[in-house]
Amino acid sequence: MTRDGAGAAGRVRRVNGPVLEVERLRGVAMADLVEVGAARLPGEVVALRPDRVTVQVYEYTGGITPGDPVVALGRPLAAPLGPGLLGGVFDGLLRPLSGAPVWLRPGVTRVADDRVWSFEPVAEVGQPLGAGEEIGRVTDAGPLPHRVLVPPGLAGTLEAVRPAGRYPAHEPVATVGGTGVDLTTWWPVRRARPYRARLDGAVPLTTGQRVLDAVFPLALGASAAVPGGFGTGKTVLLQQIAKWCDADVIVYVGCGERGNEMADVIEDFAQLADPRTGGRLADRTVIIANTSNMPIMAREASIYTGVTVAEFYRDMGYHAVVIADSTSRWAEALREFASRTGALPAEEGYPAGLASALAAFYERAGRVSTAAGQEGSVTVVGAVSPPGGDLTEPVTAHTQRFVRTLWSLDRDLAYARHYPAVTWAGSYCRDADAIGGWHVQHGDPGWASRRAHVVALLAEADRLAAMAELVGVTALPGPERMVLLAARLLREGVLQQSALSPTDARCAPDRSAALTDMVLGVLAACRDLIEAGVPATTIEAVDFSPVLRAREETTDAGQVERRAELVVAGLAELR
Amino acid sequence: MSGPAIEYGTIDEVRGPLVIVRGVSGVGWDEFARIRLGSGELRHGLVLEVDGDLAVVQILEDTHGLDPATATVTFDGAPLRIPVGPQWLGRVCNGRGVPIDGGPPIVGTTTAPVNGSPLNPTVRQPPADPVLTGISAIDALTTLVRGQKLPIFSVAGLPHLELATQIAAQASVGGEPFSVVVAGMGLTHTDAAAARDVLEERSAAGELLLLLNTADEPVIERILTPRIALTVAEHLAFTLGRHVLVVVADMTNYCEAVREVSAARGEIPARHAYPGYLYSDLASLYERCGRIRGRPGSVTILPVLTMPAGDITHPVPDLTGYITEGQIVLSAEVYGRGITPPIDPLSSLSRLMRHGAGPGRTRDDHLDVAAQLLAALARARQVRELAELVGSGALTATDRCYLTFEDAFTQVLVDQRVDEARSLDDTLDRAWRALAALPRPELTMLPATVVAAHLGTVAAADDGAEAASDA
Ligand SMILES: Nc1ncnc2c1ncn2[C@@H]1O[C@H](COP(=O)(O)OP(=O)(O)OP(=O)(O)O)[C@@H](O)[C@H]1O
Ligand SMILES: [Mg+2]
């Protein structure tokens, strides 16, 4: 990937935080990597003028002086993709943090990767191979078979392949069409990896979170955003998805957030048994940690690095989920950079390119047929942290245009300790109909109507509650009071789900359906009672705690159904 | 660096807190600079930008009286470093770390850069174990955890400084080595004197460093104050193995200083004219809390800020809330009822509490008691609203118990003298006394055996005897 510019040196002219202007640097192209100063700090070319090159530097630039050398590397910012990613913790440029020093001073994150991997060929010499087709496998790179593929853009006859054995990451294991293929290959992170075609239809990604799976689901290969003010539960929700969703690979990007949260994720995932593989969840997770006090420009890169890693696993035929907490901090890095370069600001100081940058990021999601014709997907979930909780601010407003599913978190719900604080009024899923269709074919034909019921019940209850505030609950007719009652049971008994609960942190779809059906069944029974002349007050005085406690006290759908029968039978006795 | 520092007499321009020096060579970004005025007075600055032979220097004191014709500038050749070590403890200094206690300057052979370096996230140890503040409302409901950053959100006119100094004076970590660093920014002389007074004992005991920047001192100096505090704290914690509590007040004054520099540089403002990088700037301070795997010691940060016009969506509290791990909110309404500290428990939260409290950390019943108190308070609040609508006559007997509970909770648990340090047992026993106002079936978050044990003991101990804990 190296071009002629490699090795050319220029001189620093101006230093303004992470932004440098460099003179006499020739033969560089836009987005090329450079190394700055004696510490060889990595930077990227972001603007070219005849006499000046503007560079954004990925580390702290304290002490950089006009006259310091800047060396062009002749290649763009690229991530090394190979075995050894799963289970690892990396910075925004995909440099390993495990093994790096305690204090990340500029220039220290340079850990040599000298691990060796067990490679087994699966293709045979003489076989024609296209891009994305499998050459062999690495068998000790985590719980999933790690497929070594012909890199994008390459095709030809497999001229040579090394026999089964142990090889270092950066050594060719095969020759395809005259080109050596290493176990690890580089890919420029800002470019989407190619695939054959996007696949039609929607397949749900099961997250184990009821309000998501049953009301605002997410399709494999779609994108979702979670806007919410501070403390509304974005991080907890994203971590729940990472822990319990049924994807193969999780790429968790901590983008400008807390160090303690990253430590928590690292420790949690290392301890959590993975029901799918019997190993640890960490073994099929890639963590990219760029905390808020780490260099801001690496934060900008970390989003692209994360999605590139996910595409790499997608190309092996896996379902990967990228979780980015928080995309707002990434947008702030864009803004910071724009303001240092004197770019003309658009809304709230963000660069005019904000919307297209967001679109480009979310568009890298997709369920596709890979170059080799396998099914794989990248699902993107991003947190959004609107200043002051204001959902009209630019990052939130633009993000909403590009995502398929929106989980809007509400401060009032969070303050009332209603977690996850997903508002039914402010959230949506554009794939709900298609996902309903999928459920019809996969054993739950009632999914769509159940969802419609829930949505209607919640909306109706909101309307009635507003009215009740004016006239008092007792002034409402019986059937309306039953709606309010059922909506409360739905909120507290179904939608609320504690991330800390040992039994309920993850909820299987059939148990989720059973819990919802229980509340809808109770509503129907209560309406019948009203019709039979039982006073609303009598019904409201019933102890509904078995319904409310079911989410904590049951472990499978059958138990919920039995409980529902008892509750409905108990109600019948009020006649 | 090498050689004698060059003295530049080539100041081109002075603009607000900024000075532009021409003809420099070998000056790096973020370097520390010293400016000697014609009068011989020394001022200090940081290099904000270098462009060829121009350096833009931000003066930490102020630029009043600075005459470009007579002033000279020298550069340190490196970003600012300060001496670190236990010699800071027991001292009182100004916002730049210069002693104001009549003692000798603080010197030392070990130095550290004031900006610190990011801590590798893979070596962070998730916070656990409490810092006990001796304040019932905090210890019981929003336990401060070693390695956490937990701010106090207040509004002008409330006694947040009294609360912060009380915590600084009486916090403890159960016998392990413990130090306190207090950084005051933009305090009035009255507040500064009061703080010195309250903290004197701990300072005399060599457990505390006090940095004081008063309201009439240069605004820009405030940029440095919290960084000095944190640099000293990091060394005490991670090299000397002590638990360090850093109290910084008032962060709103700090943010104003950041805004002032930004305006002087002509930067494009974001919300409320604060610079777009305020989040990252605050994070570079708050993220210096934590623990390191395999090392003793911790840095816990308690920032105090006033919300301008009481607005929690104002950038200072908002961005702080986005970085910190919860918040303790003070309320004018509670204060109006004569309660100190005027903490509003329902809008306060310590996100790390479950790691720092409970079995093996505080007391076995702590987390359940806290959950029950909060649930009951939420219910009491609903009842109170209902009572306003329908009149208290229409309340059920149970509802009325909730109102009694809320009164007991405020009077017995929250209300506390500013010189009163309560043990955790005392605090939790007070919590039980408040819960005793509720009918037992209402205590759904507490195991029945625990309820029986505690409500028994507390009733028997009403005459003031030490209530037995359930150890
Ligand atoms: N599903 C949940 N179950 C239990 N508690 C929750 C849940 N969601 C959120 N919480 C509580 O809310 C707190 C804040 O949640 P979280 O850290 O996810 O907020 P956030 O939206 O990411 O905030 P920030 O923007 O400041 O990062 C948590 O520490 C936890 O106490
Ligand atoms: Mg968060």
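Respectively, the protein sequence lines represent chains E and C.
So the first sequence is numbered by the working numbering: it starts at 1 and just counts up by one.
So the second sequence is numbered by the working numbering: it starts at 576 and just counts up by one.
Beta carbons: idealized from backbone N, C-alpha and C, even for Gly.
Cα-Cα separation, ASN293(E) to GLY259(E) | 8 angstroms
Using a Cβ-Cβ cut-off of 9 angstroms, state whether ASP390(E) counts as contacting chain C.
-> yes
For ligand 1, any of its heavy atoms closer than 8 angstroms to the Cβ of LYS724(C)?
-> no
What distance in whole Å lies between the Cβ atoms of ARG802(C) and ASN690(C), which are believed to be in contact at a cut-off of 8 angstroms?
-> 6 angstroms
When the cut-off is 9 angstroms and only beta carbons count, does VAL602(C) lie next to chain E?
-> yes
In chain order, what residues of the same chain lie with their CB nearer than 6 angstroms to the CB of ASP410(E), ignoring the 5 residues before and after it?
-> ALA421 and THR423
Examine chain E for any beta-carbon lying closer than 9 angstroms to the beta-carbon of GLY591(C), and answer yes or no.
-> no
Less than 9 angstroms separating the beta-carbons of THR291(E) and PRO696(C)?
-> yes
Can ALA383(E) be considered in contact with ligand 2, in the sense that its beta carbon sits closer than 8 angstroms to one or more heavy atoms?
-> yes
Minimum length 4: unbroken alpha helix (DSSP H) runs contained in the segment 913-951 of chain C = 928-931
Endpoints, the alpha helix (DSSP H) within which ALA687(C) is located = No alpha helix (DSSP H) holds ALA687(C); the beta strand (DSSP E) holding it covers 686-688.
Should PRO217(E) go down as buried or exposed, given a rule of 16 or more other Cβ atoms within 10 Å for buried?
-> buried
How about PRO66(E) and VAL625(C): do their beta carbons lie closer than 9 angstroms?
-> yes
Going by Cα to Cα distance, which pick from ASP982(C), LEU617(C), ILE867(C) and VAL594(C) is closest to VAL836(C)?
-> VAL594(C)
By the 10 Å Cβ neighbour count, where 16 or more other Cβ atoms means buried, how is MET581(E) classified, buried or exposed?
-> Chain E is shown only over 1 to 575; residue 581(E) falls outside these bounds and no answer can be derived.
List the whole-angstrom C-beta distance separating ILE898(C) from GLY349(E), where the pair is believed to meet the contact cut-off of C-beta under 8 angstroms.
-> The pair is not a contact, with the Cβ atoms about 20 angstroms apart (cut-off 8 angstroms).
Given that ILE843(C) touches chain E, what residues does it touch there, using C-beta distances under 7 angstroms?
-> Those within 7 angstroms of ILE843(C) in chain E are SER339, PRO345 and GLY349.
If you measure from the beta carbon of ARG14(E) to each beta carbon in chain C, is any gap under 9 angstroms?
-> yes
Contact check, GLY62(E) vs PRO661(C) under 8 angstroms by CB: the rounded distance?
-> No, GLY62(E) and PRO661(C) are not in contact; Cβ-Cβ is about 27 angstroms, not under 8 angstroms.
Secondary structure at PRO546(E), three-state DSSP: helix, strand or coil?
-> helix
For LEU617(C), I'd like the list of residues in its chain whose CB is within less than 8 angstroms of its CB, leaving aside the five on either flank, ordered along the chain.
-> ARG609, ILE610 and ARG611
Touch test, the segment 123-134 of chain E against the segment 84-103 of chain E, Cβ-Cβ under 8 angstroms, three pairs minimum = Verdict: no, contact absent.
Does any CB atom of chain C fall closer than 9 angstroms to the CB of GLY10(E)?
-> no
Sorted by chain position, which residues of the same chain lie with C-beta nearer than 8 angstroms to ARG375(E)'s C-beta, five sequence neighbours on each side aside?
-> The residue asked about is misnamed: residue 375(E) is Glu in this sequence, not Arg. Closer than 8 angstroms at Cβ, skipping near neighbours: LEU199, GLY317, ARG367, VAL368 and SER369.
Mind reading off the beta-carbon distance from TRP117(E) to ALA79(E)? Whole number of angstroms is fine, and I expect it under 8 angstroms.
-> Their Cβ separation, rounded to whole angstroms, is 18 angstroms, which puts TRP117(E) and ALA79(E) out of contact at 8 angstroms.
Run through DSSP, which three-state label would PHE607(C) get?
-> strand
Using only the heavy atoms of ligand 2, determine whether one of them is closer than 8 angstroms to the beta carbon of LYS234(E).
-> yes
Mind listing which residues of the segment 240-262 of chain E have their C-beta closer than 9 angstroms to chain C's C-betas, in chain order?
-> Taken in chain order, the members of the segment 240-262 of chain E whose beta-carbon sits within less than 9 angstroms of a beta-carbon on chain C are GLY254, GLY256, GLU257, ARG258, GLY259, ASN260, GLU261 and MET262.
Rounded distance between the beta-carbons of THR554(E) and VAL560(E), thought under 8 angstroms | Yes, they are in contact, since the Cβ atoms of VAL560(E) and THR554(E) sit about 5 angstroms apart, within 8 angstroms.
Are there 16 or more other CB atoms within 10 angstroms of the CB of ALA1046(C), so buried, or fewer, so exposed?
-> Reliability of the predicted coordinates at ALA1046(C) is poor, the pLDDT of 32 falling under 50, and no value is obtained from them.
Take VAL944(C) and list the residues in its own chain whose beta-carbon comes closer than 8 angstroms to its own, dropping the five residues that flank it on each side.
-> ALA715, LEU1003, ALA1006, TRP1007, LEU1010 and LEU1021
Under the three-state DSSP convention, the category LEU999(C) falls into = helix
Strand pairing of MET294(E), partner residues [DSSP] | BP columns for MET294(E) are empty, so no partner.
Buried or exposed: where does ARG463(E) fall if 16 or more other Cβ atoms within 10 Å of its Cβ makes it buried?
-> exposed
With 9 angstroms set as the bound, which would you pick, yes or no: does the beta-carbon of PRO1022(C) sit closer than that to a beta-carbon of chain E?
-> no
Regarding GLN497(E) and ligand 1, is the C-beta to nearest heavy atom distance less than 8 angstroms?
-> yes
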